[in-house]
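Okay, so here's the structure we're looking at.
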Amino acid sequence: MDLGLHYATFSHPDWQTTLVDRLDASVRVADEGGVALVTLMDHHFQMVDFGGPFEPMLEGYTALGYLAARTERVHLGLLVTGVTYRHPGVLAKVVSSLDVLSRGRAWLGLGAAWYEREHRGLGVPFPPLAERFERLEETIRVAEQMWSDDDGPFEGEHFHLAETICLPRPVRGRVPLMIGGQGERKTLRMVAQYADACNLFTGEGVPGVAHKLEVLRRHCDDLGRDYDAIRKTILWMGDPVGEADRFAREMEEYAALGVTLATAMPASDDPEAWTTELVTSVLPRVAGL
C-alpha cells in the first residue's frame with residue numbers, strides 16, 4: 001500500500017508569513033520519506049469545510065510547479081482538477097509542462113467541478129451538471145489527442161480546436177489520468193472507459209468502497225475494459241497519525257479489495273511534524289500490504 005499526502009488547507013498559525021515554508025517543508029518530508037503522491041486541491045476559494053472563501057488558497061498548478069522544483073521522487077497532481085476552470089487544450093499543455101519540469105512525475109486528476117460560489121465569485125461559467133460531465137469527457141479526449149501523434153483538429157460539442165499541438169510531449173508519452181468521484185452511473189463508467197486510476201472516498205467505510213468497486217467492475221465488463229488495469233485509490237477520511245492502529249487495520253481490508261494507494265490530509269497545525277510522523281511511524285506499517 002502506497003501513501004499519498006493531500007495538502008488541503010493552508011490555514012495554519014501565522015500563515016501570512018509561514019504558508020510557503022510550511023508547504024515546502026511538509027512536501028519535502030513526504031518526498032524524502034517515501035510518500036508516493038502529493039496532491040493539492042483545485043480551488044480558488046477555500047471550501048466551507050476548511051473555513052470558507054476568506055481562508056488562504058493557492059492556485060493549484062502554480063503551486064505544483066513550485067513543488068516540482070523542490071522535490072525529486074514524489075508524484076504530483078491535483079485532487080482533482082475542476083473541468084470548468086481551464087480550456088482543455090490549455091489544461092493539457094499545463095499538465096504536459098508539469099510532467100516535463102518534474103521529469104515524469106505528474107498525474108492528471110479530473111472531476112466535473114462543483115463549487116458554485118467560486119465560479120460565480122470569479123465569473124467562471126458554471127453550466128448544469130449534465131453539461132459539466134459532457135465537458136469532462138471532451139477534456140479527456142482533447143488531452144489524449146494532444147498527447148498522441150494526431151495534431152489535427154478536434155471537433156466536439158463544446159470544444160473546437162484547430163490544431164492539437166503539444167510540444168514537448170509528456171515524459172512518459174502521456175500523463176496518467178485519475179478521475180475523482182464515485183457517482184455510479186456517470187463517474188465510474190467514465191473511469192472504466194478512460195481512466196488509469198479512480199479515487200474513492202471512505203466516508204461509508206470498507207463496505208462502501210467495496211460496493212463502488214463492484215459497480216466499477218460491472219462497467220468494465222460492459223465496456224470490455226480490464227478492471228485490474230485501473231489503479232484503485234482512496235481518500236481516507238480520518239487521521240492516520242492520530243488513529244494509527246485503526247488506519248493499519250482498515251488498510252488491510254482496503255488492500256484486500258485491490259486498493260493500492262491511500263491518501264490522507266494533515267490533521268495538525270504543524271503539517272511538517274505530522275508528515276514526519278506519517279512517514280516514520282505509519283508508512284512502515286502499511287508498506288507491505
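Reading the sequence shown from the start, the letters are residues 1 to 289 in the UniProt record's numbering.
Where a beta carbon is used, it is the ideal one built from N, C-alpha and C, also for glycine.
Everything numeric in this text was worked out from a predicted model, so none of it was measured.
*Does the count of Cβ pairs from the segment 102 to 118 and the segment 153 to 167 closer than 8 Å reach three?*
no
*Starting from the Cα of isoleucine 140, find the closest Cα among Tyr227, Thr84 and Arg217 and give me that residue.*
Taking the sequence shown and counting its residues from 1, one reaches residue 140 at position 140. Among Tyr227, Thr84 and Arg217, the Cα nearest to that of isoleucine 140 is on Thr84.
*asked:* Quick check on this structure: which residue in Glu59, Arg189, Gly288 and Pro271 has the alpha carbon closest to the alpha carbon of aspartate 24?
replied: Along the sequence shown, one-based indexing puts residue 24 at 24. Checking every option, the nearest Cα to that of aspartate 24 belongs to Pro271.
*State yes or no: is the C-beta of leucine 101 within less than 8 Å of the C-beta of alanine 68?*
One-based indexing of the sequence shown puts residue 101 at position 101. One-based indexing of the sequence shown puts residue 68 at position 68. Cβ atoms of leucine 101 and alanine 68: closer than 8 Å.
*Considering only residues of the same chain and omitting the five flanking positions on each side of lysine 212, which have a CB-CB separation below 6 Å?*
Looking up residue 212 in the sequence shown gives position 212. So the qualifying residues of the chain are Gln182 and Leu200.
*asked:* For arginine 174, tell me which candidate among Gly104, Arg217 and Val241 has the shortest Cα-Cα distance.
replied: Reading the sequence shown from its first residue, position 174 is the one you call residue 174. Nearest of Gly104, Arg217 and Val241 to arginine 174, Cα basis: Gly104.
*Report all residues from its chain with a CB closer than 7 Å to the CB of threonine 71; omit the five preceding and five following residues, and keep chain order.*
As a working note, residue 71 is residue 71 in the sequence shown. Val27, Arg28 and Asp31.
*asked:* Looking at the secondary structure, which residues open and close the alpha helix (DSSP H) in which leucine 37 lies?
replied: By 1-based counting over the sequence shown, the position of residue 37 is 37. Where leucine 37 is concerned, there is no enclosing alpha helix (DSSP H), although the beta strand (DSSP E) it sits in stretches over 37 to 40.
*Are the CB atoms of alanine 244 and valine 282 nearer to each other than 8 Å?*
Position 244 of the sequence shown, counting from 1, holds the residue named residue 244. Position 282 of the sequence shown, counting from 1, holds the residue named residue 282. Their beta carbons are under 8 Å apart, which means alanine 244 touches valine 282 by this criterion.
*From what residue to what residue does the alpha helix (DSSP H) around leucine 23 run?*
For the purposes of this step, residue 23 is taken as the residue at position 23 of the sequence shown. Where leucine 23 is concerned, the enclosing alpha helix (DSSP H) stretches over 15 to 33.
*Mind checking phenylalanine 247: buried by the 16 CB within 10 Å criterion, or exposed?*
By 1-based counting over the sequence shown, the position of residue 247 is 247. Label assigned to phenylalanine 247: buried.
*With burial defined as no fewer than 16 other Cβ atoms inside 10 Å of the residue's Cβ, what is the status of threonine 280: buried or exposed?*
For the purposes of this step, residue 280 is identified with residue 280 of the sequence shown, where counting begins at 1. Counting Cβ neighbours within 10 Å, threonine 280 comes out exposed, since fewer than 16 surround it.
_Rounded straight-line distance, which links the Cα of alanine 192 to that of leucine 223_ = What you label residue 223 is simply residue 223 of the sequence shown in a count that begins at 1. What you label residue 192 is simply residue 192 of the sequence shown in a count that begins at 1. Cα to Cα, the separation comes out at about 7 Å.
*Which runs of the alpha helix (DSSP H), 4 residues or longer, sit entirely within the segment 153 to 214?*
187 to 194
*Taking just the CA atoms, how far does isoleucine 179 sit from glycine 208?*
Counted from its first residue, the sequence shown places residue 208 at position 208. Counted from its first residue, the sequence shown places residue 179 at position 179. Going from the Cα of glycine 208 to the Cα of isoleucine 179 covers about 18 Å.
*In terms of residues, what are the limits of the alpha helix (DSSP H) holding residue 291?*
No answer is possible for residue 291: the residues shown for the chain start at 1 and end at 289.
*Alpha carbon to alpha carbon, what distance is there between leucine 37 and leucine 76?*
The count along the sequence shown starts at 1 and reaches residue 76 at position 76. The count along the sequence shown starts at 1 and reaches residue 37 at position 37. Straight-line Cα distance between these residues: approximately 6 Å.
*Residue range of the alpha helix (DSSP H) that includes histidine 75*: Locating residue 75 in the sequence shown gives position 75, where the first residue counts as 1. Looking at the DSSP string, histidine 75 is not in any alpha helix (DSSP H); the run it does join, the beta strand (DSSP E), is 75 to 78.
*asked:* Using a 10 Å radius around the Cβ and a threshold of 16 neighbouring Cβ atoms, would you call aspartate 49 buried or exposed?
replied: Here residue 49 corresponds to residue number 49 of the sequence shown, with the count starting at 1. That one is exposed.
*asked:* Runs of 3 residues minimum, wholly inside the segment 97 to 127: which ones carry the beta strand (DSSP E) assignment?
replied: 108 to 111
_Exposed unless 16 or more other CB atoms sit within 10 angstroms - verdict on alanine 197_ = Sequence index remark: in the sequence shown, residue 197 carries index 197 (1-based). By the neighbour-count rule (16 or more Cβ atoms within 10 Å), alanine 197 is buried.
*Using 10 angstroms around the beta-carbon of valine 20, count the other beta-carbons present and answer buried if the total reaches 16, otherwise exposed.*
Within the sequence shown, the letter at position 20 stands for residue 20. Result: exposed.
*Throw me the rounded Cβ distance for the proline 266 and tyrosine 66 pair, which I believe falls under 8 Å.*
Taking the sequence shown and counting its residues from 1, the one referred to as residue 266 is at position 266. Taking the sequence shown and counting its residues from 1, the one referred to as residue 66 is at position 66. Wrong, their Cβ atoms sit about 18 Å apart, outside the cutoff.
*Measure the CB-CB distance between valine 142 and phenylalanine 159 and report whether it falls below 8 Å.*
Taking the first residue of the sequence shown as position 1, residue 142 is located at position 142. Taking the first residue of the sequence shown as position 1, residue 159 is located at position 159. It is a contact, given that the beta carbons lie within the stated cut-off.
*First and last residue of the uninterrupted beta strand (DSSP E) at isoleucine 140*: Against the sequence shown, residue 140 aligns to sequence position 140. Note, isoleucine 140: premise wrong, no beta strand (DSSP E); alpha helix (DSSP H) at 129 to 146.
*With respect to the alpha helix (DSSP H) encompassing aspartate 245, which residues constitute its N-terminal and C-terminal limits?*
Here residue 245 corresponds to residue number 245 of the sequence shown, with the count starting at 1. Where aspartate 245 is concerned, the enclosing alpha helix (DSSP H) stretches over 244 to 256.
*Do methionine 1 and alanine 262 come within 8 Å of each other at the CB atom, strictly closer than that value?*
By 1-based counting over the sequence shown, the position of residue 262 is 262. By 1-based counting over the sequence shown, the position of residue 1 is 1. Contact: yes.
*Enumerated in chain order, which unbroken segments of the beta strand (DSSP E) with a length of 3 residues or greater are wholly contained in the segment 217 to 247?*
231 to 235
_Buried or exposed by the 16-neighbour rule on C-beta atoms within 10 Å, applied to valine 286_ = The sequence position of residue 286 within the sequence shown is 286, counting from 1. Flag for valine 286 reads buried.
*asked:* In whole angstroms, give me the CA-to-CA distance for valine 206 and alanine 92.
replied: On the sequence shown, position 206 is the one that residue 206 refers to. On the sequence shown, position 92 is the one that residue 92 refers to. Inter-residue distance for valine 206 and alanine 92 is about 34 Å (C-alpha atoms, whole angstroms).
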